[in-house]
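Chemist: Same order as they appear, the protein sequences are chains L and Z.
Numbering of the first sequence is given in our numbering, commencing with residue 1 and proceeding in unit increments.
Numbering of the second sequence is given in our numbering, commencing with residue 189 and proceeding in unit increments.
The C-beta atom is built at its ideal place from N, Cα and C for all residues, glycine as well.
There are 2 protein chains.
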Amino acid sequence: MTDTAPGTRRSDATRAAILRAARERFAADGYERATIRAIAADARIDPSMVMRYYGSKEGLFAAAAEFDLRLPDLGEVPREQLGEVLARHFLNRWEGDETLVALLRAASTNPGAAERMRGVFADQLAAEVAKIGTDPAAMARRAGLVASQVLGLAFTRYIVRLPPIVGMDADELVAWIAPTLQRYLAGR
Amino acid sequence: MTDTAPGTRRSDATRAAILRAARERFAADGYERATIRAIAADARIDPSMVMRYYGSKEGLFAAAAEFDLRLPDLGEVPREQLGEVLARHFLNRWEGDETLVALLRAASTNPGAAERMRGVFADQLAAEVAKIGTDPAAMARRAGLVASQVLGLAFTRYIVRLPPIVGMDADELVAWIAPTLQRYLAGR
DNA sequence: TAGCGTTGTCAACAACCGTTGGCAAACAGG
DNA sequence: CCTGTTTGCCAACGGTTGTTGACAACGCTA
Numbered sequence: 001m002t003d004t005a006p007g008t009r010r011s012d013a014t015r016a017a018i019l020r021a022a023r024e025r026f027a028a029d030g031y032e033r034a035t036i037r038a039i040a041a042d043a044r045i046d047p048s049m050v051m052r053y054y055g056s057k058e059g060l061f062a063a064a065a066e067f068d069l070r071l072p073d074l075g076e077v078p079r080e081q082l083g084e085v086l087a088r089h090f091l092n093r094w095e096g097d098e099t100l101v102a103l104l105r106a107a108s109t110n111p112g113a114a115e116r117m118r119g120v121f122a123d124q125l126a127a128e129v130a131k132i133g134t135d136p137a138a139m140a141r142r143a144g145l146v147a148s149q150v151l152g153l154a155f156t157r158y159i160v161r162l163p164p165i166v167g168m169d170a171d172e173l174v175a176w177i178a179p180t181l182q183r184y185l186a187g188r
Numbered sequence: 189m190t191d192t193a194p195g196t197r198r199s200d201a202t203r204a205a206i207l208r209a210a211r212e213r214f215a216a217d218g219y220e221r222a223t224i225r226a227i228a229a230d231a232r233i234d235p236s237m238v239m240r241y242y243g244s245k246e247g248l249f250a251a252a253a254e255f256d257l258r259l260p261d262l263g264e265v266p267r268e269q270l271g272e273v274l275a276r277h278f279l280n281r282w283e284g285d286e287t288l289v290a291l292l293r294a295a296s297t298n299p300g301a302a303e304r305m306r307g308v309f310a311d312q313l314a315a316e317v318a319k320i321g322t323d324p325a326a327m328a329r330r331a332g333l334v335a336s337q338v339l340g341l342a343f344t345r346y347i348v349r350l351p352p353i354v355g356m357d358a359d360e361l362v363a364w365i366a367p368t369l370q371r372y373l374a375g376r
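1. I'd like to know whether the C-beta of Thr-2 of chain L is nearer than 7 Å to at least one C-beta of chain Z.
2. List the residues of chain Z that Ile-165 of chain L touches, going by C-beta distances under 9 Å, in chain order.
3. With 7 Å as the threshold, decide whether the Cβ of Trp-282 of chain Z is near any Cβ in chain L.
4. Jot down the residue ranges of each uninterrupted alpha helix (DSSP H) in the stretch 240-265 of chain Z, minimum 4 residues, whole runs only, in chain order.
5. With a threshold of 8 Å, are at least 3 pairs of Cβ atoms found where one atom belongs to the stretch 72-87 of chain L and the other to the stretch 172-186 of chain L?
6. Write down every uninterrupted run of the alpha helix (DSSP H) in the stretch 309-342 of chain Z whose length is 4 residues or greater and which is fully enclosed by it, in chain order.
7. Please identify the residue among Z:Arg-345, Z:Asp-285, Z:Ser-336 whose C-alpha is closest to the C-alpha of Leu-162 of chain L.
8. Would Gly-133 of chain L count as contacting chain Z if we go by Cβ distances under 7 Å?
9. Got a sec: is the Cβ-Cβ distance from Arg-293 of chain Z to anything in chain L below 7 Å?
10. According to DSSP, is Asn-92 of chain L helix, strand or coil?
11. Answer yes or no: does any C-beta atom of chain L fall closer than 7 Å to that of Arg-221 of chain Z?
12. Give me the residue from Z:Ile-227, Z:Gly-375, Z:Ala-216, Z:Ile-206 with the minimum Cα distance to Ala-331 of chain Z.
13. Tell me, please, whether the CB atom of Gly-300 of chain Z is closer than 7 Å to any CB atom in chain L?
14. Quick one: does Lys-129 of chain L have its CB under 7 Å from some CB of chain Z?
15. Distance, Cα to Cα, Ala-102 of chain L vs Ala-28 of chain L?
16. Just checking: is the beta-carbon of Met-237 of chain Z within a distance shorter than 7 Å of some beta-carbon in chain L?
17. According to the Cβ coordinates, are Ala-106 of chain L and Phe-26 of chain L closer than 7 Å?
18. Does any CB atom of chain L fall closer than 7 Å to the CB of Ser-377 of chain Z?
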């Protein structure tokens, strides 16, 4: 029936099932509450399989929290539209991919996850923001301010679930947030 | 030597020591990693004392996470200074009181802590913001936006510890954040 | 001084955690 | 068909956690 493409091992399906269950659990419960036993139960396999394929709980998290922001090339965005483009991109990127929520939840209690969050920020966001200015230190600060607003939005919307923030739709949020990001990136 | 004021029990000192240690641990480690045993060791008493005085770990957290924003009366702040006053107030309130950090960390993994965070927002911030406008629903949204920026700043500065955000001093941060809050509160 | 509530310690409990090693079944190649 | 590897399950380990109950020292009051 489902013939396997050549070069794929039979265990790849199991690996993928584990990863999917892990992302769900980490996103819903955070690092310490998400137990290997529960993840394994969701993936319908034995907990020892998780250990064989990912080595340890930390290794599993590292694999599950691989996150690509998929930022557009900011060098090609018209300068006055930077805020709007970024605001809409983040909203779209989050809704429907719980990896960011998993990383966000875990980062508050797990030092390794916080380190990875800093890495995502530096390697992806700050690197892209650096393109649109000259002074590297100043652009790093601007990127940090963008992160503060954008992560704050994710935190209040997906983690704490503040009613007024949950109640607004994507367009409303973009309309409010975009000018903030625009000023952080190109203002003053 | 240290004579006790009338009406205070001898155990009040122990209760206070437990609470202080609990706040430190919850702030540093989050809800699940902060163990009762570690908190008791910090307070130099037996873990069973914690149970006797606070009933359970959840009860202890509830007592330790009592948080008063101590917001000024926004009705008496000049309208064009709202952003600056609020930005500076939050910065001052957080540096030196780790209760907010404890609440923030715990809120990402503990449902009860998230509920309490929503309560602090609704009862203190939203209630105060409601004074400066007429339409209650609109003001609730504005208060939510303020929370998204302000909690995002706390999250990136105290939890994730993003280098550019950690590296800026209070004055710089206020200069950047105040206009954002001003627009969320009174803009458009 | 006798009695009683308070403050504190100690030892143990049941449950759960991440992790390990052994063993059976399924598979692949000769 | 035989043989070695892969995939999976099972049972158990050592450790940690929140929580409990028994019991000893202390302090107040009569």
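Modeler: According to the structure data:
1. Since pLDDT at Thr-2 of chain L reaches only 37, below the 50 mark, its modelled position is unreliable, and the value read off the structure follows with that caveat. Taking Cβ atoms only, chain Z never reaches closer than 7 Å to Thr-2 of chain L, which makes this a no.
2. Here the neighbours are Arg-329, Gly-332, Leu-333, Ala-335, Ser-336.
3. In terms of beta-carbon proximity, Trp-282 of chain Z stays away from the interface with chain L, with every pair separated by 7 Å or more.
4. Whole alpha helix (DSSP H) segments, 4+ residues: 245-252.
5. Flag = yes, the stretch 72-87 of chain L and the stretch 172-186 of chain L touch.
6. Runs of the alpha helix (DSSP H) inside the stretch 309-342 of chain Z: 324-342.
7. For the set Z:Arg-345, Z:Asp-285, Z:Ser-336, the Cα lying nearest the Cα of Leu-162 of chain L is the one of Z:Ser-336.
8. False, the Cβ-Cβ gap to chain Z never drops below 7 Å.
9. For Arg-293 of chain Z, the nearest beta carbon of chain L is closer than 7 Å to its own beta carbon.
10. Here Asn-92 of chain L carries a helix assignment [DSSP, helix/strand/coil].
11. Answer yes: the Cβ-Cβ gap between Arg-221 of chain Z and chain L drops below 7 Å somewhere.
12. Selection Z:Ile-227, Z:Gly-375, Z:Ala-216, Z:Ile-206 evaluated against Ala-331 of chain Z yields Z:Gly-375 as nearest (Cα-Cα).
13. Output row for Gly-300 of chain Z: interface = no.
14. Before going further, note that residue 129 of chain L is Val rather than Lys in the sequence given. It does not: the Cβ of Val-129 of chain L has no partner Cβ on chain Z nearer than 7 Å.
15. A straight-line Cα-Cα distance of about 7 Å links Ala-102 of chain L and Ala-28 of chain L.
16. Using a Cβ-Cβ cut-off of 7 Å, Met-237 of chain Z does not count as an interface residue toward chain L, since no Cβ of chain L sits closer than that to its own.
17. Yes. Within cutoff.
18. Lying outside 189 to 376, the shown extent of chain Z, residue 377 of chain Z is not represented and no answer is given.
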